[in-house]
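Numbered according to this note's numbering, the sequence shown spans residues 608 to 922. Glycine residues also receive a C-beta, built at the ideal position from the N, C-alpha and C atoms. Here's the structure, in structure tokens; my notes come after.
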Amino acid sequence: MKQFSLNLFSFNVMLPFKIHSPETELYLPAWEKKHVKVTLKRDDLIHPFISGNKWRKLKYNLAEAIRLQKNHLVTFGGTWSNHLLATACAGATFKFRTTAFVRGEEGVNNPVLAMCRLFGMQLIYVERESYRNKENLYKTYFGQDPTTFYIHEGGYGILGAKGCAELVDELRQEYQHIFTACGTGTTLAGIANAIDKRDALTRVHGIPVLKNGGFIQEEVDQLYPNIAPPILHLNYHFGGYAKTTADLLSFVQNFVTNTGIMIEPTYTGKLLYALDDLIKNDYFTPADKILVVHTGGLTGILGMYERFNFIDLHQ
Ligand SMILES: *Cc1c(COP(=O)(O)O)cnc(C)c1O
Numbered sequence: 608m609k610q611f612s613l614n615l616f617s618f619n620v621m622l623p624f625k626i627h628s629p630e631t632e633l634y635l636p637a638w639e640k641k642h643v644k645v646t647l648k649r650d651d652l653i654h655p656f657i658s659g660n661k662w663r664k665l666k667y668n669l670a671e672a673i674r675l676q677k678n679h680l681v682t683f684g685g686t687w688s689n690h691l692l693a694t695a696c697a698g699a700t701f702k703f704r705t706t707a708f709v710r711g712e713e714g715v716n717n718p719v720l721a722m723c724r725l726f727g728m729q730l731i732y733v734e735r736e737s738y739r740n741k742e743n744l745y746k747t748y749f750g751q752d753p754t755t756f757y758i759h760e761g762g763y764g765i766l767g768a769k770g771c772a773e774l775v776d777e778l779r780q781e782y783q784h785i786f787t788a789c790g791t792g793t794t795l796a797g798i799a800n801a802i803d804k805r806d807a808l809t810r811v812h813g814i815p816v817l818k819n820g821g822f823i824q825e826e827v828d829q830l831y832p833n834i835a836p837p838i839l840h841l842n843y844h845f846g847g848y849a850k851t852t853a854d855l856l857s858f859v860q861n862f863v864t865n866t867g868i869m870i871e872p873t874y875t876g877k878l879l880y881a882l883d884d885l886i887k888n889d890y891f892t893p894a895d896k897i898l899v900v901h902t903g904g905l906t907g908i909l910g911m912y913e914r915f916n917f918i919d920l921h922q
């Protein structure tokens, strides 16, 4: 019981801490030439490890775990998962035990998994086949355990979406367009629902980072069956999840060099590349105000630095 009261205490410390990430205007010559105004919602600044949308997605999951008097979070992810790192750090912060089923060979290690371990997360490696059936894995290991709380891979679900919707409440002005990258579609669904509820004229756009990203619409429908569907741009996956091209990598380098804002190729690189491409192809109307959500996840770059073929941008 001591553990539970500790939980409640810690969480109550967090509750008054209302997140309000900054909105930063971006001035890039190619975009100014098209007379659009682009603002970045800096969710990457929310927390160094419980980064971006992962904090928003965990918030109501943690609240629900506390309500149910659970003290052990169990979740799922790949070997470079931002969600695992976020869950590990949130667990350490708010006094939960954490366990993750990791899709990968026994003993795989990398900087992200090492940080998960530092935060006290227990890792259970599973191969592809059994990873597919997550409910089954959970039942096998924790079916009889009254202390555990199941969190979907990537923080997917209605509790996650509810946290992401709060991003819209923070905005200081109206935007004609809001853009976010999509993995599970939870962040997009939360934003689309918040906009729908407000009857705002804002159009909500998603950039799926996986191939065949049309499934994102089904995920949004699952969470909110009756809202106006967001616009999905399906052609910016660059070959699939965590796949890159020379073009994407040089875009990332250019963007980071010219703005001083770090992005990475898996999510925010594809997102901003897509936006840049749409702007250059006159997708927008002059004077449109566009909000782009920087969903964080910058530790992903630790596994990708060798892919860059750095060019001298000052020549
Ligand atoms: C996890 C993640 C996403 C995907 O968010 P979903 O809600 O699953 O669509 C986007 N960007 C970053 C940086 C992420 O880490």
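Query                                                                                                : Result
Uninterrupted alpha helix (DSSP H) stretches inside the segment 697-761 (no shorter than 4 residues) : 718-725, 735-739 and 741-749
C-alpha distance - Glu712 paired with Asp889, whole-angstrom precision                               : 46 Å
Short Cβ contact (8 Å threshold) for Leu909 with Thr864                                              : no
Check: Asn717 C-beta below 7 Å from any heavy atom of ligand 1                                       : no
N-terminal and C-terminal residue of the beta strand (DSSP E) that Thr646 is part of                 : Lys644 to Lys648
Alpha-carbon spacing of Met722 relative to Lys666, whole angstroms                                   : 21 Å
Three-state secondary structure assigned by DSSP to Arg663                                           : helix
Range covered by the alpha helix (DSSP H) that runs through Arg805                                   : Thr793 to Arg805
Check: Asn689 C-beta below 7 Å from any heavy atom of ligand 1                                       : yes
C-alpha distance - Asn800 paired with Ala670, whole-angstrom precision                               : 21 Å
Rounded straight-line distance, which links the Cα of Tyr732 to that of Thr747                       : 14 Å
Reference Val811, options Gly876, Met911 and Leu882, closest by Cα                                   : Leu882
Burial state of Arg735 (16 or more Cβ within 10 Å)                                                   : exposed
Close Cβ partners of Arg674 (< 6 Å) along its chain, the five nearest in sequence each way excluded  : none
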